[in-house]
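A short worksheet on the structure shown next.
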Amino acid sequence: MIKAEELTKIFKDKKRGEVRAVDHVSFTCEPGVVYGLLGPNGAGKTTTLRMLSTALRPTSGTAVINGVDVTKEPQKVRSQIGFLSGGTGLYGRLSPREMVAYFGKLYGMSKEAIEERIEKLFDMLDMHDFASARNEKLSGGMKQKVSIARSVVHDPPAMIFDEPTTGLDVMSSRTIVQFIRQCGDEGKTVIFSTHIMSEAMRLCDRVGIIHKGKLYAEGTVNEVLERSGTSNLEDAFIKIVGE
0 MIKAEELTKI
10 FKDKKRGEVR
20 AVDHVSFTCE
30 PGVVYGLLGP
40 NGAGKTTTLR
50 MLSTALRPTS
60 GTAVINGVDV
70 TKEPQKVRSQ
80 IGFLSGGTGL
90 YGRLSPREMV
100 AYFGKLYGMS
110 KEAIEERIEK
120 LFDMLDMHDF
130 ASARNEKLSG
140 GMKQKVSIAR
150 SVVHDPPAMI
160 FDEPTTGLDV
170 MSSRTIVQFI
180 RQCGDEGKTV
190 IFSTHIMSEA
200 MRLCDRVGII
210 HKGKLYAEGT
220 VNEVLERSGT
230 SNLEDAFIKI
240 VGE
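For the sequence shown, position 40 matches number 39 in numbering that gives the first Met the number 0, and the numbering has no gaps at all.
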């Protein structure tokens with residue numbers, strides 16, 4: 000389970016003074032549930048996910064992942080999650096297979112476990128055709144798949160993805176969406192951010208609408224639609240934020 004409790008992050012800017020990027024955000028994401036954090040660029044999605052991943056320390060509030068507090072035991076939290084942030088950051092001279100295997104070793108996995116996990120992930124993400132190519136030769140969609148496989152090679156119970164399909168072609172996006180859905184169906188706790196409302200409609204069990212650092216609404220997709228009196232999440236977002 001992922002439980003955010005009054006998460007707040009304040010940055011100091013020389014020109015603007017204090018900037019409240021995330022303002023007392025609370026929500027819960029349970030195993031087997033795909034939770035979408037929805038909002039435009041600059042809404043606070045990435046900052047929220049980075050606090051969940053321990054990449055950023057909250058100014059106040061906290062979060063608990065699989066029973067572990069992100070502020071008290073960040074190192075333990077990292078072993079419980081797979082975190083995909085913006086930018087792939089792959090080593091160009093390695094192949095996808097080598098890259099994912101390397102991260103498996105960093106997580107202390109055995110050679111047999113790494114090989115078994117790679118086969119499963121490469122099946123799920125349709126990566127076998129370019130498994131031995133150099134990362135520097137791959138397309139953006141291929142690189143994103145490598146980044147995802149690298150992030151979850153240790154088979155964590157919780158997965159956090161920051162806008163995983165942004166800028167990708169239709170086929171790559173479709174594969175990644177199917178992968179996220181399958182992770183949820185396998186009982187993983189999955190949270191991802193997006194500004195693509197149609198994607199969230201297809202994929203999410205629950206959503207949270209975030210804007211200017213505040214969580215405006217939360218619930219199942221149907222609950223959010225009913226609250227706004229609309230038929231799609233794009234209209235629901237505009238109406239809820241406008242109110």
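All residues carry an ideal CB built from backbone N, CA and C; glycine is no exception.
Chain-order list of residues whose beta-carbon lies under 6 Å from that of residue i (same chain, five-residue window excluded)
i             : result
histidine 23  : Glu5 and Thr7
glutamate 225 : none
serine 59     : Thr7
Simplified DSSP assignment, three categories, for residue i
i            : result
alanine 112  : helix
valine 176   : helix
alanine 20   : strand
leucine 83   : strand
glutamate 5  : strand
tyrosine 34  : strand
lysine 144   : helix
aspartate 12 : strand
serine 94    : coil
Nearest-angstrom Cα separation, counted from residue j out to residue i
i                : j                 : result
valine 76        : glutamate 162     : 21 Å
glycine 140      : glycine 183       : 21 Å
alanine 132      : tyrosine 215      : 45 Å
glutamate 17     : phenylalanine 191 : 27 Å
aspartate 68     : threonine 27      : 14 Å
lysine 104       : glutamate 111     : 11 Å
aspartate 234    : serine 138        : 33 Å
valine 249       : isoleucine 113    : With the chain covering 0 to 242 only, the question about residue 249 has no answer from this structure.
valine 189       : valine 33         : 5 Å
phenylalanine 10 : lysine 211        : 14 Å
Proximal residues to residue i (C-beta, below 8 Å), its chain only, five neighbours per side dropped
i                 : result
leucine 232       : Leu37, Met196, Ser197, Ala199, Met200, Val206, Val220, Val223 and Leu224
leucine 93        : Tyr101, Arg133 and Asn134
glycine 228       : Lys238
phenylalanine 178 : Met123, Leu124 and Ile147
Contacting residues, own chain, Cβ-Cβ under 7 Å from residue i (five flanking each side not counted)
i           : result
arginine 96 : Ile117, Ala130 and Ser131
Residue i CB to nearest heavy atom of the ligand FMN below 7 Å
i          : result
alanine 62 : For the structure depicted, the ligand FMN is absent and the ligand set is empty, with no information on it obtainable.
Q: Go through the region 39 to 71 residue by residue and report every complete run of the alpha helix (DSSP H) that reaches 4 residues or more, in order.
A: The region 39 to 71 contains, as complete alpha helix (DSSP H) runs of 4+ residues, the segments 44 to 51 (chain order).
Q.
Does the region 32 to 41 come into contact with the region 57 to 73, if we say contact requires no fewer than three beta-carbon pairs (one atom in each stretch) closer than 8 Å?
A. These segments do not touch.
Q: Would you list, in sequence order, the uninterrupted alpha helix (DSSP H) runs of no fewer than 4 residues that lie entirely inside the region 150 to 214?
A: As far as the region 150 to 214 is concerned, its whole alpha helix (DSSP H) runs of at least 4 residues are 169 to 184 and 196 to 202.
Q) Just checking, does the region 43 to 53 make contact with the region 149 to 168 on the three C-beta pairs under 8 Å criterion? A) When Cβ pairs closer than 8 Å are counted between the two stretches, the region 43 to 53 is seen to touch the region 149 to 168, the count reaching three or more.
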